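Q:
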Amino acid sequence: MSTRTSPAPARVPDVPAVPAAAPGTGRAVGRLALRQVRRGGLATLLVAVALTATVAASFDALAADPATLAGLLAVAQNPAVRTLFGEPVALETAGGFTVWRSGTPVAVLVGAWAALATTRTTRGEEEAGRWNLLLAGPVRLRTAVGRQLLAVAAVVTATGAALAAALVLAGTPTGGAAVHGAGIAALGLFSAAVAALAAQVLGTRSAATGAAVAALGAGLLTRSVADGVPGWQGLRWASPFGLLGLSRPYAQDRVLPVLLLLAAAAALAAVALVLAGRRDVGSGLLARPAHRRARTALLGSVGGFAVRRALRPVAGWSTGIGAYYLLIGTTAVALTEFLAQDAAVSDLAGQAGFAALDSVRGFTATVFSLLPVPVGVFAAVRIAALVAAESDRRLALPAAGPVGRLRLLGTEAAVTAAGVLTLLSVAAFATWCGTAAGGGLPLADALRGTWSTAPVALLCLGAAVLAAGWLPSATALVGSLPAVGGFLLQILADSTGAPAWVREVSPFAHLALVPLEPAGTAAALVMTLVAVLLAVVGAAGYRRRDLLC
Amino acid sequence: MSGPALRAVGLTKRYGRTTALDDLSLDVPVGEVFGFLGPNGAGKSTTIRLLLGFARPTAGRAEVFGVDASDVARAHRLLAHVPADVALWPKLTGAEVLHLLAATGAGTDTARRDELVERFGLDPSKPARTYSSGNRQKVALVAAFASRAPLLVLDEPTSGLDPLVEREFRRAVVEAREQGRTVFLCSHQLAEVEAVCDRVGILRAGRLVEVAGVPELRRLHRSEVTVTFTGEPPRLEAVPGVEGVESTGEGRLRFSLTGSPGPVLGQLAAAGVTALSVREPRLEEVFLDHYGEGAVR
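Chains as they are written, first to last, in the numbering used here: chain A, 6 to 554; chain B, 17 to 313.
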């Protein structure tokens with residue numbers, strides 16, 4: 006029997022007063038945000054400015070020959086060309102020409118970067134669990150999202166300002182330069198806001214990125230249709246790219262469309278921030294089922310698993326590429342009929358750098374030669390995804406199974422190569438569907454055309470495997486180099502009249518215009534051989550280096 | 017099968033000027049549960065990466081049942097692994113991950129897998145994205161224990177588990193040993209190592225400083241001795257192996273003893289000892305002896 010004695014009353018500590026927030030907490034988060042986007046942001050800015058400046062510099066040579074200029078003006082009025090390049094405005098001036106020729110690629114570049122950077126630094130950081138530490142401090146989720154958005158906004162604003170400055174330095178009027186720069190910046194802000202909103206609603210980075218890119222793609226398609234189809238011009242007001250065109254730099258310098266775009270961006274960003282304050286950290290507003298039945302299809306082998314992981318990305322890229330080439334197909338017939346009717350205009354078009362556009366075959370062949378850019382980037386990104394799985398340790402469990410390194414990498418490369426061929430086939434099929442109404446292009450010719458570009462995409466795959474073996478952190482960049490770098494090099498070489506060997510470095514210089522011309526077998530073989538060589542050297546590196554997990 | 021389950025011969029890994037693992041030579045015989053101890057950064061994970069062929073040794077070699085560790089396609093048919101920090105593909109459910117690992121791993125007993133899922137309390141129908149770190153660890157543990165691999169390489173396998181699951185883990189290790197499997201267990205949980213391991217290796221700053229059976233290890237280290245006596249207090253300070261002599265009352269002494277007790281017993285004989293108790297050190301104390309108090313927090 007024991008008597009229970011109550012313990013001596015312990016001194017209850019006082020509830021501490023909440024200290025005032027340390028000054029500069031938000032700023033520290035802002036600095037972190039800027040660190041995460043500065044490198045990619047600077048690269049985007051430099052590419053955008055270089056492209057714009059180069060096109061502007063090439064105008065003098067073009068304008069020196071009145072016949073060439075007249076040809077260009079005639080071609081630009083065609084609905085099909087308008088579909089691709091937008092409405093021609095003030096083409097007879099250096100500024101107008103530059104905006105017409107480089108405006109859409111630069112807008113796509115800046116918009117895509119802003120969207121990808123935003124989902125990467127918001128939803129991506131959250132998904133990876135890195136924000137748990139950040140948000141355990143005196144930082145609200147809304148503040149964190151807002152600061153990331155501000156960092157991206159700073160970069161795109163700087164890009165717009167740099168573009169305007171470059172155009173002024175090139176000798177174009179200040180008003181037009183300012184409107185164009187402001188428009189590009191506004192488009193970047195809009196893209197970032199769309200991506201931020203998607204990142205609040207959807208629970209994973211890949212879903213948010215997909216939704217944001219799809220929204221921008223839909224905007225681009227809307228602009229294309231509105232510019233190409235008579236009577237549908239009103240649709241331009243519904244597309245961010247359409248609003249950019251409506252600002253008409255160097256002709257009317259309209260500010261209203263740019264302001265509308267800014268207002269839309271601000272509204273979307275405000276909604277995103279409100280939603281950020283109302284959701285749980287680590288999940289999106291759209292809750293997904295917590296339980297589901299196991300779907301074990303394609304989980305029976307390393308190869309099957311590689312296919313399973315590739316299915317969604319291939320479907321996504323196919324949708325984008327298919328939509329673009331469907332549009333190309335539908336405009337091909339209208340464009341080539343117009344050019345074929347008038348031999349004089351056709352000649353002028355040839356002098357203006359639009360040779361071989363007077364037949365469906367020639368036109369589609371020209372557009373097929375752009376295909377390695379997205380398809381090559383796809384290949385690079387897929388190999389980079391394997392490296393990402395390695396560095397975030399997802400690969401540790403499968404790699405502890407009886408699977409050799411070479412099989413791991415080789416399977417991924419083989420599945421990616423199959424994905425490349427799928428995308429090329431999708432582009433051919435979509436073009437064929439598009440031209441079907443006009444009865445222009447047999448499917449076999451379309452397939453020959455798109456497949457003839459495969460060596461450039463395979464070069465990307467080879468370069469990505471090389472990087473995976475020797476410089477894994479730069480896999481996406483090195484892998485994209487043959488396609489994106491080669492394409493930009495060709496444009497720059499063409500515009501600046503660089504020596505032939507500079508142009509020859511680009512793999513694009515070795516692509517024949519298939520189906521207009523027969524495929525260049527020798528060049529294709531050499532490029533494929535180089536791709537295989539790069540992959541073999543990469544595989545050797547992958548075999549001997551330490552895994553990142 | 018003759019020869020050890022795991023063998024390291026002069027295994028060394030350097031990253032630039034840093035030596036992460038220095039000349040490790042070690043045999044783990046078949047059927048043994050081997051505990052591998054060391055503070056953070058001692059080189060335990062580096063050792064495991066080398067044993068799995070994830071990293072290439074700067075010098076020396078590692079073998080799994082006589083197969084070179086770098087020949088992963090063959091060596092990994094004989095082992096299953098649980099990483100320290102389990103990462104899973106976020107969209108796959110636990111059941112899907114287990115299916116994938118069974119299909120690509122060293123062979124799996126599916127009935128045992130279902131039983132282990134129950135025992136570890138894993139809900140396999142949830143996507144991996146929603147799992148806590150403990151649940152991700154359970155997925156890897158179920159896959160490893162359900163595999164038919166004769167060697168299990170476990171890196172901090174219980175760091176995120178609750179006590180109930182940890183108890184199941186210990187049972188599973190004992191069952192694995194009963195099946196004749198070999199277990200290489202890296203852990204910070206010294207009580208766990210003490211409970212399940214036959215032998216222990218202690219790593220410090222990349223070097224193996226001690227390998228011994230758990231009872232042997234305790235004997236080699238400080239025991240706490242308490243004596244009660246009636247005569248003159250014994251003079252123990254000069255006796256080799258004796259430290260920290262303190263009086264705990266009238267006719268009572270406590271001190272720690274390393275090594276053979278012979279000389280001490282000689283001294284005590286003259287003191288009229290009425291009671292003597294010897295407490296062997298816990299593994300934690302052995303560990304602290306090696307690293308000092310600062311090493312374990």
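The beta-carbon is built from N, C-alpha and C at its ideal position, and this holds for glycine as well. Predicted model only: the values in this text are computed from it and were never measured.
Quick check on DSSP: helix, strand or coil for residue 97(B)?
A: In this structure, residue 97(B) counts as strand in the three-state DSSP scheme.
Q: Given residue 30(B), which residues of its chain have a CB within under 6 Å of its CB, disregarding the five upstream and five downstream residues?
A: Cβ neighbours of residue 30(B) beyond the five flanking positions: 74.
Q: Among 133(B), 101(B), 290(B), 105(B), which one has its Cα closest to the Cα of residue 161(B)?
A: Selected option, being the one with the closest Cα: 133(B).
Q: When you compare each of 106(B), 85(B), 99(B), 156(B) to residue 114(B) by their alpha carbons, which one comes out closest?
A: Ranking 106(B), 85(B), 99(B), 156(B) by Cα distance to residue 114(B) puts 156(B) first.
Q: What are the boundary residues of the alpha helix (DSSP H) that residue 142(B) is part of?
A: Where residue 142(B) is concerned, there is no enclosing alpha helix (DSSP H), given that its DSSP letter is neither H nor E.
Q: Under 7 Å between C-beta atoms, does residue 397(A) make it to chain B?
A: For residue 397(A), the answer is yes, since a Cβ of chain B falls inside 7 Å of its Cβ.
Q: In terms of residues, what are the limits of the alpha helix (DSSP H) holding residue 547(A)?
A: Element bounds for residue 547(A): 526-549.
Q: Put residue 468(A) into one of helix, strand or coil per three-state DSSP.
A: The answer is helix: DSSP assigns residue 468(A) an H, G or I state.
Q: For residue 30(A) and residue 151(A), I'd like the C-alpha separation in whole angstroms.
A: The straight-line gap from Cα to Cα measures roughly 13 Å.
Q: To the nearest angstrom, how far is the alpha carbon of residue 498(A) from that of residue 173(B)?
A: C-alpha separation (whole angstroms): 58 Å.
Q: Only counting the same chain, and skipping five residues up and downstream in sequence, which positions put a Cβ closer than 7 Å to that of residue 274(A)?
A: Correct list, in chain order: 154, 198, 201.
Q: Excluding the five sequence neighbours on either side, which residues of its own chain have a C-beta within less than 6 Å of the C-beta of residue 83(B), listed in chain order?
A: If we look at residue 83(B) and ignore the five residues flanking it on each side, its Cβ neighbours are 90, 91.
Q: For residue 315(A) versus residue 424(A), is the C-beta spacing smaller than 7 Å?
A: Yes; because the gap between Cβ atoms is below 7 Å, this pair is in contact.
Q: If you draw a straight line from the C-alpha of residue 547(A) to the C-alpha of residue 386(A), how long is it?
A: The straight-line gap from Cα to Cα measures roughly 17 Å.
Q: Tell me which residues of the segment 532-552 of chain A have at least one Cβ-Cβ distance to chain B shorter than 7 Å, keeping chain order.
A: Those residues of the segment 532-552 of chain A that come within reach of chain B (Cβ to Cβ, closer than 7 Å) are 549, 551, 552.
Q: Closer than 7 Å, CB to CB, is residue 112(B) near chain A or not?
A: Residue 112(B) counts as touching chain A.
Q: To be precise: take each residue of the segment 455-473 of chain A, compare its Cβ to all Cβ atoms of chain B, and keep it if any distance is under 7 Å. Which residues remain?
A: From the segment 455-473 of chain A, no residue has a Cβ closer than 7 Å to chain B.
Q: In its own chain, which residues sit with a C-beta less than 6 Å from the C-beta of residue 313(A), not counting the 5 before and 5 after it?
A: The residues are 303.
Q: Can you look up residue 65(A) in the DSSP assignment and give me helix, strand or coil?
A: Residue 65(A): helix per DSSP, three-state reduction.
Q: In terms of DSSP beta bridges, what is residue 181(B) paired with?
A: For residue 181(B), which the question treats as bridged, DSSP gives no partner whatsoever.
Q: Could you tell me which chain A residues have their CB closer than 7 Å to the CB of residue 73(B), listed as they occur along the chain?
A: Simply none; closest approach about 10 Å.
Q: Look up residue 31(B) in the DSSP assignment and give the residues it is bridged to.
A: 34(B).
Q: Residue range of the beta strand (DSSP E) that residue 134(B) falls in?
A: Segment 126-136 is the alpha helix (DSSP H) holding residue 134(B); no beta strand (DSSP E) there.
Q: If you run the structure through DSSP and keep just helix, strand and coil, what is residue 223(A)?
A: In this structure, residue 223(A) counts as helix in the three-state DSSP scheme.
Q: Taking the alpha helix (DSSP H) that residue 450(A) belongs to, which residues open and close that run?
A: Its alpha helix (DSSP H) spans residues 448-456.
Q: I'd like to know whether the C-beta atoms of residue 392(A) and residue 480(A) end up nearer to each other than 7 Å.
A: Going by C-beta atoms, residue 392(A) is nearer than 7 Å to residue 480(A).
Q: For residue 515(A), collect the residues of the same chain with a Cβ closer than 6 Å to its Cβ; drop the 5 residues on either side in sequence, then sort them by chain order.
A: Closer than 6 Å at Cβ, skipping near neighbours: 528.
Q: With DSSP run on the structure shown, which of helix, strand or coil describes residue 300(A)?
A: DSSP places residue 300(A) in coil when its eight states are reduced to three.
Q: Out of 194(A), 142(A), 94(A), state which residue places its alpha-carbon closest to the alpha-carbon of residue 115(A).
A: The candidate whose alpha carbon is nearest that of residue 115(A) is 194(A).
Q: If we count the other Cβ atoms within 10 Å of its Cβ and call it buried at 16 or more, is residue 544(A) buried or exposed?
A: Residue 544(A) comes out buried.
Q: Would you decide whether residue 86(A) is buried or exposed? Buried here means 16 or more other CB atoms lie within 10 Å of its CB.
A: The residue is buried, with at least 16 neighbouring Cβ atoms inside 10 Å.
Q: When the Cα atoms are used, what is the spatial distance from residue 80(B) to residue 19(B)?
A: If I take the Cα positions, the gap works out to 10 Å.
Q: Would the beta-carbon of residue 533(A) fall within 7 Å of that of residue 463(A)?
A: Taking 7 Å as the Cβ cut-off, residue 533(A) and residue 463(A) qualify as a contacting pair.
Q: Give me the subset of the segment 153-166 of chain B whose CB atoms are less than 8 Å from a CB atom of chain A, sorted by chain position.
A: Against chain A - using a Cβ distance shorter than 8 Å - the residues of the segment 153-166 of chain B are 156, 159.
Q: Rounded to the nearest angstrom, what separates residue 389(A) and residue 475(A) at their Cα positions?
A: Taking the straight line joining both Cα atoms gives about 13 Å.
Q: Give the interface partners of residue 306(A) over in chain B, defined as CB-CB distance under 7 Å, in chain order.
A: Here the neighbours are 119, 120.
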